[in-house]
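Chemist: Okay, handing you the structure first.
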Amino acid sequence: MLDSMDEAFNNHLNSYVTGSGVIVKAERHLLSTPDAKRIRPNLVFACGRLFGIPEKELLDSAAGVELMHTGSLLHDDIIDKADTRRGRPSVNARYGNSMAILAGDRLLSRSALAFTRTKNSAEATKQAALTFIEITGAMGMEDELKPADATPAKVLKIADGKTGALMGLCGYLVGLAADDMAAAKHLSTAGRLLGHAFQLRDDIEDIEEDVANEVPTLPQLLSEEEVVKAIVDALGQAIEQLKPYVNHPGYTELVESMYRLTRTSMPSL
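Residue numbering for the sequence shown follows my numbering, beginning at -8 and increasing consecutively.
This is the structure we're talking about:
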């Protein structure tokens, strides 16, 4: 799940960013960087293997979530006044805030186009819109939350909205591709829980930076031991959602990748 995406996906992803000029360069600035981990597209493909769905049938879903994620990063960096992203100047630092806003808007619009090309596209596009409403709501909460007012419930709601929502969409799209609404719900919940665990692990590792930038996170409010327990609990709940698919090809690979992604020791299956 964490391996680099193959050439077919990268070509398909880049095919969505058409045109010329500075604005297209701004769109491609993060999208084409070799440091992009492609975590969300990889989650789409990993979930797809549970149902034997060929990767070529999930290319638009995978491209859509990556375009949405990248577009949201451009906007997030403007809010945070970030100078760097993925080891290079952020889009706002390189091209200015106005161009970064426009490039982010275009990437989000291109993601919507990608979702219209998926199986059960009307439902996929609707769910993608609801997901982005949740993401931007969480970004708004984060922007107005002061460290003195932070509580575990508030910072977890922000983390789940910014990270969990999009990972949940990854699972939901695979359920739609499989024509299985029960699977869509199970995989969406599992994805959200994975996003929860993933964000908490990042928050542990980034605690010094977050404190310096006055970004409240759970490790600032609780002990590291308590946060690690929350990560393990979330992963356990995610695995519980996958139990109906324990005998499906790709189950063990998906579970192992979830623990690797969150840098967490995996119990015996």
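Think of the CB as a built atom: it goes at the ideal place given N, C-alpha and C, for glycine as much as any other residue. It should be emphasised that the depicted structure is a prediction, and the values quoted were computed from it without experimental measurement.
Got a sec: does the ligand PLP put a non-hydrogen atom nearer than 6 Å to the Cβ of L104?
Modeler: Ligands are entirely absent from the displayed structure, and the ligand PLP is therefore not among its contents.
Chemist: If we ignore side chains and look at the alpha-carbon of each, how far apart do Q118 and I124 end up?
Modeler: For the purposes of this step, residue 118 is identified with residue 127 of the sequence shown, where counting begins at 1. For the purposes of this step, residue 124 is identified with residue 133 of the sequence shown, where counting begins at 1. Each residue's Cα considered, the two are about 10 Å apart.
Chemist: How should D194 be labelled, buried or exposed, when 16 other C-beta atoms within 10 angstroms of its C-beta is the threshold for buried?
Modeler: The count along the sequence shown starts at 1 and reaches residue 194 at position 203. With 16 or more Cβ atoms within 10 Å of its Cβ, D194 is classed as buried.
Chemist: How about the segment 95 to 110 and the segment 51 to 63: do they share at least three Cβ pairs that are nearer than 8 Å?
Modeler: Segments in contact, yes.
Chemist: Once DSSP output is grouped into helix, strand and coil, what is the label at S75?
Modeler: Within the sequence shown, numbered from 1, the residue matching residue 75 stands at position 84. The amino acid occupying residue 75 in the given sequence is Thr; Ser does not appear at that position. Reduced to three states, the DSSP call for T75 is strand.
Chemist: Going by Cα to Cα distance, which pick from L4, C38, S11 and R85 is closest to H239?
Modeler: As a position in the sequence shown, residue 239 is number 248, starting the count at 1. Per the Cα distances, C38.
Chemist: Can you tell which of S89, P45, A175 and T127 has the C-alpha that lies nearest to the C-alpha of K153?
Modeler: Residue 153 sits at position 162 when you count from the first residue of the sequence shown. Cα-wise, what sits closest to K153 is T127.
Chemist: Can you tell me the Cα-Cα spacing of L(-7) and S259, whole angstroms?
Modeler: One-based indexing of the sequence shown puts residue -7 at position 2. One-based indexing of the sequence shown puts residue 259 at position 268. In this predicted model, L(-7) has a pLDDT of only 39, less than 50, meaning its place in the structure is not dependable; the value taken from the coordinates is given anyway. Cα to Cα, L(-7) sits roughly 21 Å from S259.
Chemist: Of the residues V8, L41, E18 and A54, which one's Cα is nearest the Cα of D(-3)?
Modeler: Numbered from 1 along the sequence shown, position 6 holds the residue referred to as residue -3. The residue with the shortest Cα to Cα distance from D(-3) is A54.
Chemist: Considering only C-alpha positions, which residue in the set A113, A115 and D68 is nearest to G95?
Modeler: Position 104 of the sequence shown holds residue 95. Among A113, A115 and D68, the Cα nearest to that of G95 belongs to D68.
Chemist: Less than 7 Å separating the beta-carbons of T253 and I222?
Modeler: Numbered from 1 along the sequence shown, position 262 holds the residue referred to as residue 253. Numbered from 1 along the sequence shown, position 231 holds the residue referred to as residue 222. Yes.
Chemist: In chain order, what residues of the same chain lie with their CB nearer than 7 Å to the CB of Y236, ignoring the 5 residues before and after it?
Modeler: Taking the sequence shown and counting its residues from 1, one reaches residue 236 at position 245. So the qualifying residues of the chain are L41 and Y242.
Chemist: Starting from Y86, trace the alpha helix (DSSP H) in both directions and tell me its first and last residue.
Modeler: Stepping through the sequence shown from its first residue, residue 86 is reached at position 95. Residues V82 to Y86.
Chemist: Can you tell me the Cα-Cα spacing of A150 and A181, whole angstroms?
Modeler: Taking the first residue of the sequence shown as position 1, residue 150 is located at position 159. Taking the first residue of the sequence shown as position 1, residue 181 is located at position 190. Using only the alpha carbons, I get a separation of about 15 Å.
Chemist: Do three or more CB pairs link the segment 77 to 90 to the segment 132 to 144 at distances below 8 Å?
Modeler: The answer is no - the segment 132 to 144 does not touch the segment 77 to 90, with fewer than three Cβ pairs under 8 Å.
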